[in-house]
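In the numbering used here, the protein residues as written are 56 to 116.
Only one structure is covered here, and it is reproduced in the block below.
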Amino acid sequence: FKITGNGKHLIKTLTFWLAFNVLFTAFPSKIIQGIHTFIFIIYETFYSRLFHFLENFVSEF
């Protein structure tokens, strides 16, 4: 059984998202929710690009 690239990405994203939601539930503030969304968008963009780069890099070998 092998988890594909998208599966790993989805799991990591869900874990990250859940961790953030648990963390930010302790601080129910609109400002922090805004920061959370902002960080999450940056993380998503960066991580998916990095992941595709690594996937292509590994498949070269």
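All C-beta atoms, glycine included, are put in the ideal place defined by N, C-alpha and C.
* **As assigned by DSSP and simplified to three states, the class of S114** => helix
* To do: Report the rounded CA-to-CA distance for A74 versus T80, giving the unit in angstroms.
  => 10 angstroms
* Which of the three DSSP states, helix, strand or coil, is assigned to S103? -> helix
* Asked: What is the rounded straight-line gap between the Cα of S126 and the Cα of F106?
  -> The shown model of the chain, from 56 to 116, leaves out residue 126, and the question about it has no answer.
* Asked: Hey, how far is the Cα of F108 from the Cα of V77?
  -> 30 angstroms
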